[in-house]
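Presented below is the structure to which this report refers.
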Amino acid sequence: MGKRQAPEDQEGSEAFNDILTCLAGILILVIIMVVIDSKQNNILIPTPIEQSSLKDPIYIEVASSGALFEIPVQELDRMAVDKLGEVAETHAGDRYKMLRSLSSASNKVGNADYEVDLLSKLTGNIVLRPKPDAAGHILPTNVSMSATDDAEIQWYKGVLSSIDNTNQYLSFIVRSTDDSYRSFKRARALAWLNGTQVAYALLENTELIEFGFGGNALNIQ
Numbered sequence: 516m517g518k519r520q521a522p523e524d525q526e527g528s529e530a531f532n533d534i535l536t537c538l539a540g541i542l543i544l545v546i547i548m549v550v551i552d553s554k555q556n557n558i559l560i561p562t563p564i565e566q567s568s569l570k571d572p573i574y575i576e577v578a579s580s581g582a583l584f585e586i587p588v589q590e591l592d593r594m595a596v597d598k599l600g601e602v603a604e605t606h607a608g609d610r611y612k613m614l615r616s617l618s619s620a621s622n623k624v625g626n627a628d629y630e631v632d633l634l635s636k637l638t639g640n641i642v643l644r645p646k647p648d649a650a651g652h653i654l655p656t657n658v659s660m661s662a663t664d665d666a667e668i669q670w671y672k673g674v675l676s677s678i679d680n681t682n683q684y685l686s687f688i689v690r691s692t693d694d695s696y697r698s699f700k701r702a703r704a705l706a707w708l709n710g711t712q713v714a715y716a717l718l719e720n721t722e723l724i725e726f727g728f729g730g731n732a733l734n735i736q
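Going by our numbering, the letters in the sequence shown line up with residues 516 to 736, in that order.
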């Protein structure tokens with residue numbers, strides 16, 4: 516007949532198992548961070564630290580087609596946080612099941628234009644994947660703030676009118692195509708006429724949009 520394990524041996528074994536579980540969880544997070552860093556995406560800082568005005572940015576992506584998309588960063592971040600909390604509660608803190616669940620199609624979050632990468636959110640960053648079927652808004656070539664009969668101009672005028680020029684500025688994410696840059700210049704000109712300060716960042720056509728700490732601050736023009 517085998518001997519019963521002493522209570523102190525059982526406690527020591529449980530503590531050792533807890534340590535192994537924690538180490539395994541940390542290792543998984545480190546692997547995720549390494550994979551994300553290997554993408555070498557440009558990271559944008561939601562509140563630039565190198566601006567003397569310390570204004571808050573309102574982000575607009577200028578797609579490769581020249582279409583404009585307003586990016587509601589805070590709203591998408593809140594959706595990601597809510598989904599992470601929901602998944603964590605569903606799996607009662609089981610890290611392995613939680614990580615597998617975050618990769619499933621049923622746990623995707625976003626809006627009509629962007630999908631949030633939930634695994635990247637675990638590292639503190641917000642990574643957005645533009646949806647290929649999103650339409651966006653294309654400003655006409657002969658653009659004027661006095662135009663009242665164009666729906667796209669009215670949309671953009673609505674964006675500009677919602678900006679507090681004292682505390683906010685417009686930050687464009689411009690893709691590397693001629694159509695994108697031409698559309699950006701039209702939108703920038705209207706922003707200047709509105710008295711709105713402008714900044715921009717250049718991204719390759721296939722790059723994901725990433726917001727987080729330690730990224731590139733955008734200089735206001």
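Glycine residues also receive a C-beta, built at the ideal position from the N, C-alpha and C atoms.
Tell whether a beta-carbon distance below 8 angstroms holds between Met-613 and Val-602. Val-602 is positioned such that its CB atom lies closer than 8 angstroms to that of Met-613.
Quick check: what's the CA-CA separation for Arg-615 versus Glu-725? 22 angstroms
Limits of the unbroken alpha helix (DSSP H) element including Ile-668: 666 to 676
Alpha-carbon to alpha-carbon, Gly-651 and Ile-461: In the structure displayed, the chain extends from 516 to 736; residue 461 sits before or after that span and is not available.
With Arg-690 and Val-577 assumed to form a contact (beta carbons below 8 angstroms), what rounded beta-carbon distance in angstroms separates them? 6 angstroms
Would you call the stretch 698 to 708 and the stretch 593 to 602 touching, i.e. three or more CB-CB distances under 8 angstroms? no
Does the beta-carbon distance from Leu-629 to Pro-645 come in below 8 angstroms? Just to set this straight, residue 629 is Tyr in the shown sequence, not Leu. Less than 8 angstroms separates the beta-carbon of Tyr-629 from that of Pro-645.
Comparing alpha-carbon positions, which option in Leu-569, Pro-572, Asp-571 and Gly-581 lies nearest Arg-701? Checked all of Leu-569, Pro-572, Asp-571 and Gly-581; the closest Cα to Arg-701 is Gly-581.
Do Ile-688 and Ala-716 have their C-beta atoms within less than 8 angstroms of each other? Yes, the Cβ-Cβ distance between Ile-688 and Ala-716 is below 8 angstroms.
Grab the span of the alpha helix (DSSP H) containing Ala-595 for me, first residue to last. 588 to 605
Rounded distance between the beta-carbons of Gln-669 and Ile-571, thought under 8 angstroms: A small fix is needed here, since residue 571 is Asp in this sequence, not Ile. Incorrect: roughly 24 angstroms between the Cβ atoms, too far for contact.
Integer-rounded CB distance, given that Leu-591 should sit under 8 angstroms from Asn-622: Incorrect: roughly 15 angstroms between the Cβ atoms, too far for contact.
Give the secondary structure of Asp-609 by DSSP, where H, G and I count as helix, E and B as strand, and everything else as coil. Reduced to three states, the DSSP call for Asp-609 is coil.
The beta strand (DSSP E) enclosing Ser-686, as first and last residue numbers: From DSSP, the beta strand (DSSP E) with Ser-686 extends over 683 to 690.
For Leu-634, which of helix, strand or coil comes out of DSSP? helix
Mind checking which residues open and close the beta strand (DSSP E) that includes Asp-571? 571 to 577
Reduced DSSP secondary structure (H/G/I, E/B, other) of Leu-583: Reduced to three states, the DSSP call for Leu-583 is strand.
Indicate the three-state DSSP secondary structure (helix, strand or coil) for Leu-708 in the structure shown. helix
Tell me the rounded alpha-carbon separation between Phe-699 and Asp-693. 10 angstroms
Output yes or no for whether 8 angstroms exceeds the beta carbon distance between Leu-654 and Ile-575. no
Please work out which residues of its chain come closer than 7 angstroms, Cβ to Cβ, to Asp-665, disregarding the five sequence neighbours upstream and downstream, and give them in chain order. Pro-655
Does the beta-carbon of Ser-635 have 16 or more other beta-carbons within 10 angstroms, so that it is buried, or is it exposed? buried
My output table needs one value for Leu-654: the three-state DSSP class, helix, strand or coil. coil
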